[in-house]
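*Asks:* The sequence shown begins at 32 in this note's numbering and counts up by one.
The beta-carbon is built from N, C-alpha and C at its ideal position, and this holds for glycine as well.
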Amino acid sequence: MKRTIDWKQTFWITAGLLPSILISIGPVVAVVGTPSILIWTLSTLIGFAQLFLYAELAAIFPNKTGGAAVYAAVAWLRYGKIFAPINVWCYWITWSSALAVTAALAGNYIVNGFFAGTPLANFSITLLDLSAILPGIKFKLDAIILCSAAIMLVAFYLQHRGLLQTARIQFALALLSIIPLFLLTIVPLLTGKIDLTHFTPFIPKDTTSWSSAAAFTLLMGGMFMAGYITYGAEIAVCYVSEFKDPARDGIRAIILIGVTAAVSFVIFPFTFLGALGMENVTDPAFAAGDPQAAVVKLAAIAFGTGSGKLLTLMLILAMVLGIVTAMSSSSRTLYQAAVDGLFPKFLGTLNHHGVPVAAMWADLIFNLVLLTLGNPIFVVAACSVAYFICICMDLNAVWMLRQQRPSQPRSFRAPDWLVYGGIPVLTVLNLSFMFFGANVFDPNALWYGLGAILFIFPIFFYRHYLVDKGVWPESAQKHFDISE
Numbered sequence: 032m033k034r035t036i037d038w039k040q041t042f043w044i045t046a047g048l049l050p051s052i053l054i055s056i057g058p059v060v061a062v063v064g065t066p067s068i069l070i071w072t073l074s075t076l077i078g079f080a081q082l083f084l085y086a087e088l089a090a091i092f093p094n095k096t097g098g099a100a101v102y103a104a105v106a107w108l109r110y111g112k113i114f115a116p117i118n119v120w121c122y123w124i125t126w127s128s129a130l131a132v133t134a135a136l137a138g139n140y141i142v143n144g145f146f147a148g149t150p151l152a153n154f155s156i157t158l159l160d161l162s163a164i165l166p167g168i169k170f171k172l173d174a175i176i177l178c179s180a181a182i183m184l185v186a187f188y189l190q191h192r193g194l195l196q197t198a199r200i201q202f203a204l205a206l207l208s209i210i211p212l213f214l215l216t217i218v219p220l221l222t223g224k225i226d227l228t229h230f231t232p233f234i235p236k237d238t239t240s241w242s243s244a245a246a247f248t249l250l251m252g253g254m255f256m257a258g259y260i261t262y263g264a265e266i267a268v269c270y271v272s273e274f275k276d277p278a279r280d281g282i283r284a285i286i287l288i289g290v291t292a293a294v295s296f297v298i299f300p301f302t303f304l305g306a307l308g309m310e311n312v313t314d315p316a317f318a319a320g321d322p323q324a325a326v327v328k329l330a331a332i333a334f335g336t337g338s339g340k341l342l343t344l345m346l347i348l349a350m351v352l353g354i355v356t357a358m359s360s361s362s363r364t365l366y367q368a369a370v371d372g373l374f375p376k377f378l379g380t381l382n383h384h385g386v387p388v389a390a391m392w393a394d395l396i397f398n399l400v401l402l403t404l405g406n407p408i409f410v411v412a413a414c415s416v417a418y419f420i421c422i423c424m425d426l427n428a429v430w431m432l433r434q435q436r437p438s439q440p441r442s443f444r445a446p447d448w449l450v451y452g453g454i455p456v457l458t459v460l461n462l463s464f465m466f467f468g469a470n471v472f473d474p475n476a477l478w479y480g481l482g483a484i485l486f487i488f489p490i491f492f493y494r495h496y497l498v499d500k501g502v503w504p505e506s507a508q509k510h511f512d513i514s515e
């Protein structure tokens, strides 16, 4: 791939991570209650600590692209062929599915904000109804899905000319969306519009004690939901093979987006709850992941009324920003996995701009199917479980690679105390959040996630045993010390 970007441009490419917090503020408050700000703070601290471990992973493989799971897969191959594709698959479905969830919100804003009451808004047909077998699962086509698909096509077009061009477009989108969002959350802080009584009583929702089993379960559920967002700054190491100077740009990029995300992930939920109160932030729409009404109410407090259309446009641009971020990273994961012999070979092709267009098309088609599913909570639940599994595998790959490759140069090394003391603690915490908290998010979330992972088995079997006859690609054997 072409080395065309530096750490500053990487920040703008990954800036789509920042508005993703809007989707989760309501659901976390609805589950945990007033201590949600504690959940966001703790989850953000955990996510930030993990970034230094991802930075070391990326430093080991400056010529690979696709994210931490791609680098971690090399360590896991020593313990069984199937572990590597499981790790990468979990990572890919997490970031790829964000396209459908984010595009669905943007499509909803377009239809309700600009086409309400028109024939387009009323258009809807059912393609396949599986609700009798899987409750709530119904493939359909409606105005929101059509607009969402159009937005994803626009995001595809914005990226096909190369990562440097994508960075420039993301910079413009960020100026039009991220800066207003920051003003929206900072102005109430500066003007004294935060009511601290909105954080009382400071105890998990519908419980009487912090030490009760119910409180523990709710806190685990909150940490599970928050981690899906707060751990996302690791996306910065996805572009290592496209950095002009991987040794310098890698650590700078991940720290810059990590610090910015950490500030956002604490200030945003604090301001929303502090200014709006429990009644508004637990509104059914906001609790279901749609922030539009809550943003309009907060804007009325911060700037006054009359800005509804502008705010809708700002949210649409913020969603596009997030879609581009997710597509650029997930497509590179597909590309590198194909090059390494884990995913189908056709995904490992680039256009003349050095863009993995085949992988981008696969992302697009996969998410069009998810859009017709019309059940974003089902998608997020499954992918959250997959993400936590991936995170645990990535973290442990750091110490595994230290054992396997002690003398390999690393432009950055995480502190030893974090590697040998922090990784076991972080692994136990993340597994606890998943096992004890997943079903708080959705009653079948854990099973959805484990079921989603099963799809990689036939995919890997096809590539490795039918196409490659059980032999790894030559580049994988040579560069990553994989032998049969």
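What does the alpha-carbon distance come out to for the pair residue 281 and residue 495?
*Replies:* Using only the alpha carbons, I get a separation of about 31 Å.
*Asks:* Grab me the residues of residue 357's own chain with a C-beta within less than 6 Å of its C-beta, minus the 5 sequence neighbours each way, in chain order.
*Replies:* For residue 357, where only same-chain residues beyond five positions count, the Cβ hits under 6 Å are 126, 129 and 130.
*Asks:* Evaluate residue 223 with the Cβ neighbour count: other Cβ atoms within 10 Å of its Cβ, from every protein chain shown; 16 or more gives buried, anything less gives exposed.
*Replies:* Exposed, by the Cβ-count rule.
*Asks:* Quick one: what's got a C-beta closer than 7 Å to residue 435's C-beta in the same chain, skipping five residues either side?
*Replies:* Hits under 7 Å: 106 and 109.
*Asks:* Taking the C-alpha atoms as reference points, what is the distance between residue 248 and residue 471?
*Replies:* Roughly 7 Å between the two C-alpha positions.
*Asks:* Kindly indicate the opening and closing residues of the alpha helix (DSSP H) around residue 394.
*Replies:* Unbroken alpha helix (DSSP H) run through residue 394: 388-404.
*Asks:* What residue does the beta strand (DSSP E) around residue 113 start on, and which one ends it?
*Replies:* Neither: residue 113 is in no beta strand (DSSP E) and is coded neither H nor E.
*Asks:* Do the CB positions of residue 219 and residue 313 come within less than 8 Å of each other?
*Replies:* Their beta carbons are not under 8 Å apart, which means residue 219 does not touch residue 313 by this criterion.
*Asks:* On the DSSP bridge list, what partners appear for residue 274?
*Replies:* DSSP output for residue 274 lists 36 as bridge partner(s).
*Asks:* Here's the rule I'm using: 16 or more other beta-carbon atoms within 10 Å means buried, otherwise exposed. How should residue 277 be labelled?
*Replies:* Label assigned to residue 277: buried.
*Asks:* Runs of 3 residues minimum, wholly inside the stretch 101-177: which ones carry the beta strand (DSSP E) assignment?
*Replies:* DSSP runs (the beta strand (DSSP E)) wholly in the stretch 101-177: 155-160 and 169-173.
*Asks:* What residue does the alpha helix (DSSP H) around residue 71 start on, and which one ends it?
*Replies:* Element bounds for residue 71: 67-91.
*Asks:* Quick check: residue 96 and residue 267, are their CB atoms within less than 8 Å of each other?
*Replies:* No, Cβ-Cβ distance for residue 96 and residue 267 is not below 8 Å.
*Asks:* Applying the 10 Å Cβ sphere with the 16-neighbour rule, what's the burial state of residue 501?
*Replies:* Exposed, because fewer than 16 other Cβ atoms sit within 10 Å of the Cβ of residue 501.
*Asks:* So, at 7 Å on beta carbons, what are the nonlocal neighbours of residue 332 in its own chain, with the 5 sequence-adjacent residues on each side left out?
*Replies:* Counting only Cβ-Cβ distances below 7 Å, and skipping sequence neighbours, we find 219, 224 and 306.
*Asks:* Which residue marks the beginning of the alpha helix (DSSP H) containing residue 230, and which one marks its end?
*Replies:* Where residue 230 is concerned, there is no enclosing alpha helix (DSSP H), given that its DSSP letter is neither H nor E.
*Asks:* Just list the alpha helix (DSSP H) runs in the stretch 188-226, keeping only unbroken ones of 4 residues or longer that don't cross its boundaries, in chain order.
*Replies:* Correct list: 194-221.
*Asks:* How do the stretch 133-141 and the stretch 179-193 stand: do at least 3 beta-carbon pairs fall below 8 Å, yes or no?
*Replies:* Yes: at least three Cβ pairs fall under 8 Å.
*Asks:* To the nearest angstrom, report how far apart residue 421 and residue 482 are at their CA atoms.
*Replies:* Taking the straight line from one Cα to the other gives about 15 Å.
*Asks:* By the three-class DSSP mapping on this structure, what secondary structure does residue 280 have?
*Replies:* Looking at residue 280 - three-state DSSP - the assignment turns out to be helix.
*Asks:* Cβ of residue 473 less than 8 Å from any chain D Cβ?
*Replies:* Annotation note: the requested chain D is absent from the structure, which comprises a single protein chain.
*Asks:* Given residue 197, which residues of its chain have a CB within under 8 Å of its CB, disregarding the five upstream and five downstream residues?
*Replies:* 44, 189, 190, 355 and 359, listed in sequence order.
*Asks:* What whole-angstrom Cβ distance do residue 457 and residue 426 have, given they're in contact under 8 Å?
*Replies:* Indeed, because the Cβ distance is near 6 Å, the residues count as touching under 8 Å.
*Asks:* Which stretch, first to last residue, makes up the alpha helix (DSSP H) that contains residue 462?
*Replies:* 454-472 is the extent of the alpha helix (DSSP H) around residue 462.
*Asks:* Suppose you measure from the CA of residue 35 to the CA of residue 493; what does that come to, to the nearest Å?
*Replies:* Residue 35 and residue 493: Cα-Cα distance of roughly 34 Å.
*Asks:* Report yes or no: do three or more beta-carbon pairs, one from the stretch 382-389 and one from the stretch 117-125, lie closer than 8 Å?
*Replies:* The stretch 382-389 vs the stretch 117-125: no contact.
*Asks:* Looking only at its chain, what residues have a beta carbon closer than 8 Å to the beta carbon of residue 193, apart from the 5 residues adjacent to it on each side?
*Replies:* Once the five neighbours on either side are set aside, the close Cβ partners of residue 193 are 33, 35, 384, 385 and 386.
*Asks:* Mapping the DSSP letters down to three states, classify residue 57 as helix, strand or coil.
*Replies:* In the structure shown, residue 57 sits in a helix (DSSP, three-state: H, G or I).
*Asks:* So, residue 416 versus residue 477, is the Cβ gap smaller than 8 Å?
*Replies:* Going by C-beta atoms, residue 416 is nearer than 8 Å to residue 477.
*Asks:* Which one of 466, 487 and 480 has the shortest CA to CA distance from residue 251?
*Replies:* Ranking 466, 487 and 480 by Cα distance to residue 251 puts 466 first.
*Asks:* Report yes or no: do three or more beta-carbon pairs, one from the stretch 77-84 and one from the stretch 368-382, lie closer than 8 Å?
*Replies:* As far as the Cβ criterion goes, the stretch 77-84 does not touch the stretch 368-382, which means the pair count is below three.
*Asks:* Tell me the residue span of the alpha helix (DSSP H) that contains residue 482.
*Replies:* Per DSSP, residue 482 belongs to the alpha helix (DSSP H) from 476-484.
*Asks:* For the alpha helix (DSSP H) holding residue 496, just list the boundary residues, first then last.
*Replies:* Element bounds for residue 496: n/a, residue is neither H nor E.
*Asks:* Excluding sequence positions up to five away, which residues of its chain have a Cβ less than 8 Å from the Cβ of residue 238?
*Replies:* Closer than 8 Å at Cβ, skipping near neighbours: 245, 246 and 249.
*Asks:* With distances taken Cα to Cα, identify the nearest neighbour of residue 83 among 437, 429 and 459.
*Replies:* Here the closest residue by C-alpha is 429.
*Asks:* Looking only at its own chain, which residues have a Cβ that is under 7 Å from the Cβ of residue 186, when we skip the five neighbours before and after it?
*Replies:* Excluding residues within five positions, the ones whose Cβ falls inside 7 Å are 351, 354, 355 and 358.
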